[in-house]
Structures are given as structure tokens and as C-alpha cells.
Amino acid sequence: MSSDPGRDESGSDSRIEGSGWIGAPEVPRLHVSRPRLLDLLDRDDHCGLLLVSGPAGSGKTSLLAEWVATRCTERVSWITFESPDEPFWPGLVGCLDRLGVPVAALTLPVAGAALDPSARRRLASILSAEKSRVTIVVDGCDLDAPAVARDLDYLLRHSGHRLRLLLATRADPVLPLYRYRLDETLTEVRMADLAFADAEAEELLALMGVTLRPESLRELNARTKGWVTGLRFAGRMLADREDPDAAVAQVVGSSGNIAEYLMGEVLAAQTPDVRQLLMATSVPDLIMPGLAETLAGHSAARTLAFMVRVNVFIESVPEHPGHFRYHPFFRDLLRAELAYSAPDEMEDLQRKAAGWFADHDLLTPSVRHFASIGAWSEAAQQVVDQLAVGELLLAHGTGPLAKSLRALPDDVDDPAATVVRATLALGDGDTERFNEQLSRVADRSTDDASAHDQAVHLAVALLLAVRARFSEDPTEAASLAEAAERALGLRDNRVKAERHPELAAMVLASKGIAATRQGRLADAEDVLTAGIGAAVAAGTAPLLIECIGHLAVVASWTGDVHRAESLARRALAVAEEAGIGTGDRSASPQVALAWVAVEQYDVRAAMEHVRAAERSDFLLGDPVPRTALTLVKARLQVMQGDRAGAIGRLEQAAADVVDHYGWLADRLLAEIALLKAGSEPEEALLTALAVLQRRSIGEAALAVGVAKLRLDDEEGAADAVAVALSRDSSPSIRVSAWLLECARHLRTGAPTRARDELGKALRLAAGASLRRPFHEASPTVRQLLVQDAQLSADHAWVLRVGARSVGRVPDVRPTNGEAAAPAPPVENLTEKELEVLCHLSAMLSTEEIAAAMYISVNTVRTHVRNILRKLGVSRRNAAVRLARDLELIPG
114 MSSDPGRDES GSDSRIEGSG WIGAPEVPRL HVSRPRLLDL LDRDDHCGLL LVSGPAGSGK
174 TSLLAEWVAT RCTERVSWIT FESPDEPFWP GLVGCLDRLG VPVAALTLPV AGAALDPSAR
234 RRLASILSAE KSRVTIVVDG CDLDAPAVAR DLDYLLRHSG HRLRLLLATR ADPVLPLYRY
294 RLDETLTEVR MADLAFADAE AEELLALMGV TLRPESLREL NARTKGWVTG LRFAGRMLAD
354 REDPDAAVAQ VVGSSGNIAE YLMGEVLAAQ TPDVRQLLMA TSVPDLIMPG LAETLAGHSA
414 ARTLAFMVRV NVFIESVPEH PGHFRYHPFF RDLLRAELAY SAPDEMEDLQ RKAAGWFADH
474 DLLTPSVRHF ASIGAWSEAA QQVVDQLAVG ELLLAHGTGP LAKSLRALPD DVDDPAATVV
534 RATLALGDGD TERFNEQLSR VADRSTDDAS AHDQAVHLAV ALLLAVRARF SEDPTEAASL
594 AEAAERALGL RDNRVKAERH PELAAMVLAS KGIAATRQGR LADAEDVLTA GIGAAVAAGT
654 APLLIECIGH LAVVASWTGD VHRAESLARR ALAVAEEAGI GTGDRSASPQ VALAWVAVEQ
714 YDVRAAMEHV RAAERSDFLL GDPVPRTALT LVKARLQVMQ GDRAGAIGRL EQAAADVVDH
774 YGWLADRLLA EIALLKAGSE PEEALLTALA VLQRRSIGEA ALAVGVAKLR LDDEEGAADA
834 VAVALSRDSS PSIRVSAWLL ECARHLRTGA PTRARDELGK ALRLAAGASL RRPFHEASPT
894 VRQLLVQDAQ LSADHAWVLR VGARSVGRVP DVRPTNGEAA APAPPVENLT EKELEVLCHL
954 SAMLSTEEIA AAMYISVNTV RTHVRNILRK LGVSRRNAAV RLARDLELIP G
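Position one of the sequence shown corresponds to residue 114 (our numbering), numbered consecutively onward.
Dropping the structure here:
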């Protein structure tokens, strides 16, 4: 600052006798310029009062010093008050005098007294006569004397806008600020504005030679709440550390400099009663209406509201009237001081807070306060009595409630404590510890039991039902889920359970999963649908995803492709919205989408969904989606020409589930029979008939039809088709059955009936784009489809391979009475060979074709050799030209 009207000729500060120092201070060396605040001060040039209000060390003085040095363009003077006893008017009038305002003849009162009315009018008149406005910065005067405030208010309103006053204060002045706000003549800079943003904190620390990682910087700035003095103290300590990032967690709370500053500048300035109230109310993280009075007496809330006004590192919580919270570092200082000076009182206050939160059904803070004083039985009883084991379990041991209970000792021999330890173990996946802990809870009769005993019984039943999801016995799992459902409906539990819909969701999910494992898919659908409703009411994303995902898999097994896809995408949307990563979510939605993609013959999408499902940590524990995924992978192998590998995969999977999940084993055996029916009809027939004796499965009936037709038993094939076309069969099976009928009529020389059956299959498949049955139909059926101009035109969707369309063999017929040129004798190409031809026409290399079709390079070469042989050419480009001439592929 080159010149300052508030300094004497030598440029030094001067002292007004009996009042403060006049002269603007230098901008500190470690100063971060904050244009956003300078702009705020400059926002309205017509404002006569600018109020910068914040606690000690919040950067008020340095901000105004920079503003005076860089932004103020009018006459300005600065006065700093160092003591509340210093008189206000001599200091203010002294500033005016130094700015050339003729005020020397005024008679001034003593500290805190009012101006003589004539002197007040005279001063206002003198200021009004000034040709330009004057600005006075008043630093360190809280203006808590009503007489001084009244006179100052008069002066601001009657000086013809020639006086602008900047107040830097720790407490709001007793001026009628509401009126200034209504008149829009007030600019306010509060603690929320003064708090350093992360970028500003980073710049300040850089000036001190400290560089932190972004996450460490955010942690430090959140801990100090942007308090510049706290950041400076922290920066000094971090500058001496070899690893400042590692020291961030300790530096603010353990800094002796910060504690000494707060003790000297904040606590020491309070009366003993106020200091006691501050320490008592620092025990909870959030001070709610009623809690303050419980901890510190009936006037506590009123005193706290006053503390907010005078900026004692406590703030009101936005949008929550009557709620307060301390800045974290100040709260920890108060707690440390209380624990050191009155440890018994600290324990008593913790217990009072715990009881108050418990009485108001605020479980997590209640448990935290009980745990902080080692009252573990009370903490555990709160969890069990409030039916919070579901909440504890769903948090997977990472929520605030679980963190408070992690230190629960093993020697606390209480049923509730044992249940809590078992819950944490189950959430961690530690089944051994879970079983050991739960075995310590004696069986309790629910007849004439206390409400606490009922709650313990319900918690145990719920935990067993959840644990049974990992059991290999689906009957036991169903029984335990039903037992939990009965416990949930008991009279003493029912009312509390209504406040915990996550419990019903957990029970219904367990019950629905057990039903799917038993093969009761219709029952599972009903239960899981109810579970979705309960999970929505509970607002718990993991349970909602689990129920929707399992329902999507059920829809896959029943062949409802549309519903499977819709449910699966809904589950994924919920997971994305909740921020749940792939590894931490149920694999069921991805399994269902893979199933749908296979039915639609979208190999690339199916492979992507398979890989996504395999990234989930929750896949291997559930046999139903795991077996569905195995079936999907086997069908993909068939698509890639590896039928033998697919059969081997299915045989191993069937052996793995046959002992506990017979319906899954039969579904796999039916699929095996279907794959073998064309080449090993006798073996396939025996397998399929054995499956049909146990349960009605469409794939088994279809396998019987294919095997019978392969063995020239056309009547038996027709009977099998009738079974496969039953209402219970999935759309995919019914489509395949119509295609089998088409093949049978082609064999018997009935092309018209064959075409009719093919049309039925196409119309049924169109709604869900079921392409797989057509790709896996017999060559004669596929040739009929591609040769029939009307059918292939009406159902072009079925001929697509990925983004391309498979060409059709032209129907070469005479035109204009002339005989058409005979078409070259071309052996029918398979769908895979047609797909390879499309890739060859796009100039893809062998390796690129293999990657696009998810098959090996050798398999591509085999397809190419077959294409060349069937088309009677020796080179690839010749094969492409001939295929275009024959309209086998697009020209």
C-alpha cells in the first residue's frame, strides 16, 4: 500500500488517547487473496454498513486489509480496538479528523455513553456537507452498548450517505440489522463465507511449503471447517512431518498451539457458567431441542443461541430450528477438557445423552454414547430391543452403528451382546464365529416371555433365516424363513417391526430364495414380489436389488424373456443410483440379461453380461443363478460350435446339484438330452423320458420329439411336440416345437404345412426377438426360411447376425414365359458359414472374424474351407463374389 490517509506522515500507526490504534495493518505475508470475498464487499456500492462477523482467527482483519489496499477508492481510515473498555466515539471521531472532516470542536461522551443530541445532529450535519464519502473500518469493537449503537444508527441514516462503516467483529452489533436488510443497505460476510474453500486451503498450505493429496486436503479442511488459523497451525506442524498426508488425521486434534489458541481466545473470554455449559453440550455430535436442557439445564438452548450470535465456534444447523453443532476441533477440545477436569461428570453426561437418544428412538447416537463409556450390555440391548439387527446386517459392518459396536468384548455374557456379535460376524461372512456366537444364546420359549426375550428370539430367527441362504438344504432354508416370519408377526414385535420394513424384506427375500431353490417358481415369484414392496418401503437398495435380481432369474427359468430383461435392468438401475459397485451387488441381474441375450442370439452382449456376472462376489453362493449362468455358457459354446464342450459342462453342473436341487439337475439333463438328440437319439431319448417321469420340462419333451424324428418315429415325434406345445412351456420351447413340426412336414413332403408351422414359430418369436431356436433348427428349416421371400421379408429380424443381416437364397423362377438360367448347384450353407461369409465380404482377417464371433481361429478356418468346398471355388474373394451373385449375402 503506497499511501494511506489513516496513517501519520511517517506512515506508522498512531494511538488515540484513551481509544484504539488508527491505521490499516499490512496484509500478512502468508495471505491468500480471495477475490470472491472482495467482490462480495464490493457488490453494492450504496451499502452504508458492511459487517464482517466471525470467530477469532477467521481472517476478518486480513480480508479487510487487502480490500483497503486493493479495492477501496475513497477516503478511508482504520481503527483497531484492543479492549472492550476502550471508548468508541473518540476513536471514530479521531478517524474522521485524520480524513479532514472538521469534527475537532465536538464534545464526546465517555465509553458506552450516548452522544449529546446536539452533538449527534452536529456530527451528522458535518458529514452530510462532505463532498465525497468517507469509509471507516472498525476492527475489534463488538458494539454491544445500546446507547452507542443507537447513535451510530442515527449517524448512518442521517449523514446523507457520506459515511460508510465496515465492522470486523466476533459478535453481531446491537444495531437493528433487520432494518438494514430490508432497506438493502447492509452487506454481510459471515463465518460460512470466511471459511476457506479447498482450493484456498491448498494455496495457503503451499505458501507454508506443505503439499497434500486431494483427499488429505479435503479431510483437513473439513476438520477445521475452513478456519484459517486452524489451517495455519496445522500447516506449521505438517511442514515438519516426513509424510504430511499420514499426519493429517492427528495434527488438528493433537495440536497444542490450536488448543492454546482456543483456550486463550475463546474459552477464557467466557464466564465459568458458560464454559461449563459449553463442555456439557459438547458431548453429543448434534445438539437437538431438549437434549441441551437435559445436559446443561433449562436455559441451555437460549445460551447456545447467544453463542452462535457471538461466533463461539458453534453454529445453527440449516433447516433444523433449535439444532446446534460445534466445529469439530472446538468440540474435541471441549470434550478433552471435560474428560481431564471432570471424568465422572463426563461419564454421567454420556449416559444422560445415551438415555435421551434412546427415549427418542435415535438408536445410533444412543449406542455410540453407551459404547463410549463401556456400557456394552445397554448398547447391545438397544440394538436388539429396537429390532435393529437388520440395519446392522445390511450395513456389512461399515455403518456408524456397526463401527460403534466393533469393540464389543467377548466377555460380555449377555444374550443381546451375543446376538450383536453374531450379527457382525454374519455381515463379515465369518460363518464359524457366527455359529459359535449363536450357539451361546439358549433357546427361549416365546410363551409368556418378556418383550426383550421376544426381541432376542426374533433376532436369532432372522439371523438363522439369512444364514440359511448359504445352506445346501433348501427345505431347511424354507423352514427357517417361515420361522422368522412367524416371529416377526408376534404381538410384541409387530409394532416395532412396522418401523423396520427391512426386516420383512429380509425375511421375504430369504423365503423367496428358498422357494426358488426348491423349484417352486410360482411361489417364489409371489414372495419376491412382496419382498420388493417391503424393500422399497425400507429404502434399502441391496435388498431391493437382491429381490428384483432373483425375480429376473425366475423369469428367465420360466422363459418370460421380456419380464426377465425389464427386471434385470431395473435392478441395475437401482444399483447405479445407490452407487453399489459390480463386485458388491447381486450377480442375478447380469445372469438374467445374459440369458435374454442368448435367446436373442446376441453373442457379444451375452458374453459381456457373463463377464459382469462373474465379477460379482455373490455369485458362487447361490445355486439358482449360478446354474442359470452355467446353462447360458453352455448355450454360448453351442453357438461357437463346441457342442461336446457344452455337454461336458452341463453334465458336471448336473452332478453338482443333483443331491440338493433335483429340479435344477433335471433342467440340465433335459438340455443335455436336447443337445444329444440329433446325434445320439437312443441315449437322448432315455435321458429325456426319465426326466419327464419326474417333472414336466419342455426341453425334455422337445428332446423326445427330436430323437423320435431322428429314429423315423414320426407319430412319436408328433406326440412329443404336442406335449412341448402345452401352455406350461416357455415361448422359446413352443417356438422350437413348431420348428420341429416344420421339419417333420418337410420330411413327409408337405411343404405347405411346413411353411404354416414356420409362420407360427416366427409370429410367436417376434415379440421377444427369440432368434436362438431358428439358428439351432435343422438345416432344412433354416433353408426354407431364407428361401421364402415373403417370410424372410416379413421377419427380417430373425435373419440378423449381430448388426448385419444374413442374405437369402433367391427363389429362381421363370419370368416372361422364359426358362430361368439354372442356379449353380450349391450345397446349403449353415448359419455360421453365412456369418463368416458376411465377415469375409467386409474384408476382415481370420483373427478379426474369430474375435467378432467369439470362436477360435482354427474354427474360422474350418468354416472357410467348408464355404469354399460348398461353393465350388478355391479363393475367398471368389467365394464372396459368388455368394453375392446368389444373394446369399448383401451385394
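The beta carbon of each residue, even a glycine, is placed where N, CA and C say it ideally should be.
Next item on the list: Drop a sphere of 10 angstroms on the beta-carbon of lysine 624, count the other beta-carbons inside from all chains shown, and report buried for 16 or more, exposed for fewer.
Entry: Counting of Cβ neighbours within 10 angstroms places lysine 624 among the buried residues, the total reaching 16 or more.
Note to self: Less than 8 Å between CB atoms is the rule here; does phenylalanine 201 satisfy it with respect to chain D?
What the structure shows: Absent here is chain D; the protein component of the structure consists of one chain.
Notebook entry, point to check: Within this structure, are the beta carbons of leucine 616 and leucine 641 separated by less than 8 Å?
Noted result: no
Notebook entry, point to check: Just to confirm, are serine 171 and tryptophan 340 a CB contact at a threshold of 8 Å?
Noted result: yes
Check: Which of the three DSSP states, helix, strand or coil, is assigned to isoleucine 135?
Finding: For isoleucine 135, the three-state secondary structure derived from DSSP is strand.
Check: From lysine 338 to glutamate 428, what distance separates their C-alpha atoms?
Finding: 11 Å
Check: Can you tell me the Cα-Cα spacing of alanine 691 and alanine 700, whole angstroms?
Finding: 16 Å
Checklist line | Buried versus exposed, by CB contacts within 10 Å (16 or more), valine 608 | finding: exposed
Notebook entry, point to check: Based on Cα-Cα distance, which residue from Arg303, Glu199, Phe309, Val302 lies nearest to valine 261?
Noted result: Glu199
Check: Counting along the chain, where does the alpha helix (DSSP H) carrying tryptophan 776 start and finish?
Finding: 775–789
Note to self: Rounded to the nearest angstrom, what separates methionine 401 and glutamate 638 at their Cα positions?
What the structure shows: 45 Å
Note to self: Assuming contact is defined by CB atoms lying nearer than 8 Å, are glycine 348 and methionine 392 in contact in what I supplied?
What the structure shows: no
Next item on the list: Compute the distance between the beta-carbons of alanine 529 and valine 480, then report whether it is under 8 Å.
Entry: no
Item checked: Spatial distance of aspartate 445 from histidine 565 (CA atoms) -> 36 Å
Checklist line | Extent of the continuous alpha helix (DSSP H) run through alanine 218 | finding: For alanine 218, there is no enclosing alpha helix (DSSP H), as DSSP marks it with neither H nor E.
Next item on the list: Would you give the residue range spanned by the beta strand (DSSP E) that aspartate 152 belongs to?
Entry: Taken as a continuous stretch (DSSP letters only), aspartate 152 belongs to no beta strand (DSSP E), being part of the alpha helix (DSSP H) at 148–154.
Note to self: Am I right that leucine 318 and leucine 307 are in contact with their C-beta atoms under 8 Å? What's the rounded C-beta distance?
What the structure shows: The Cβ separation is near 17 Å, so there is no contact.
Notebook entry, point to check: Do the CB positions of isoleucine 1037 and alanine 684 come within less than 8 Å of each other?
Noted result: Past the edges of the chain, shown from 114 to 1004, lies residue 1037, and the structure says nothing about it.
Item checked: Residues near valine 834 in its chain [Cβ-Cβ closer than 6 Å; skip 5 each side] -> Gly818, Ala850, Leu853, Glu854
Note to self: Our contact map puts arginine 857 next to glutamate 827 with C-beta atoms below 8 Å; I'd like the distance itself, whole angstroms only.
What the structure shows: 6 Å
Notebook entry, point to check: When DSSP labels each residue in this structure, what does threonine 186 get in the three-state scheme?
Noted result: Three-state result, threonine 186: coil.
Note to self: If the criterion is Cβ atoms closer than 8 Å, does the pair arginine 885 and tyrosine 714 meet it?
What the structure shows: Between arginine 885 and tyrosine 714, the gap from beta carbon to beta carbon is short of 8 Å.
Check: Taking Cβ to Cβ, would you say arginine 331 is nearer than 8 Å to glycine 161?
Finding: no
Next item on the list: Could you please give me the residues that DSSP links to aspartate 252 through a beta bridge?
Entry: In DSSP, aspartate 252 forms a bridge with Thr193, Ala281.
Item checked: Three-pair Cβ contact test at 8 Å for the segment 414–434 versus the segment 203–221 -> no
Note to self: In this structure, how does DSSP classify phenylalanine 547 when only helix, strand and coil are distinguished?
What the structure shows: helix
Check: Using the C-alpha atoms, what's the distance from arginine 354 back to valine 323?
Finding: 9 Å
Next item on the list: Look up valine 165 in the DSSP assignment and give the residues it is bridged to.
Entry: Ala281, Val302
Checklist line | Cα-Cα separation, glycine 672 to lysine 945 | finding: 25 Å
Margin query: DSSP three-state label for leucine 228, please.
Written below: Leucine 228 falls in the coil class under three-state DSSP.
Notebook entry, point to check: Where alanine 359 and phenylalanine 309 are concerned, what is the direct C-alpha to C-alpha distance, given to the nearest angstrom?
Noted result: 22 Å
Check: For phenylalanine 887, does the three-state DSSP call read helix, strand or coil?
Finding: In the structure shown, phenylalanine 887 sits in a helix (DSSP, three-state: H, G or I).
Checklist line | Of the listed residues Asp474, His473, Leu451, nearest to glutamine 463 (C-alpha basis) | finding: If we check each option's Cα against that of glutamine 463, Leu451 comes out closest.
Margin query: On the DSSP letters alone, give me the boundaries of the alpha helix (DSSP H) that arginine 683 sits inside.
Written below: Arginine 683 -> alpha helix (DSSP H) spans 674–691.
Item checked: For valine 247, the residue or residues it bridges with in DSSP -> Arg188, Leu276
Notebook entry, point to check: From this set, Leu603, Phe194, Thr220, Glu243, which residue's C-alpha is nearest valine 251's C-alpha?
Noted result: Phe194
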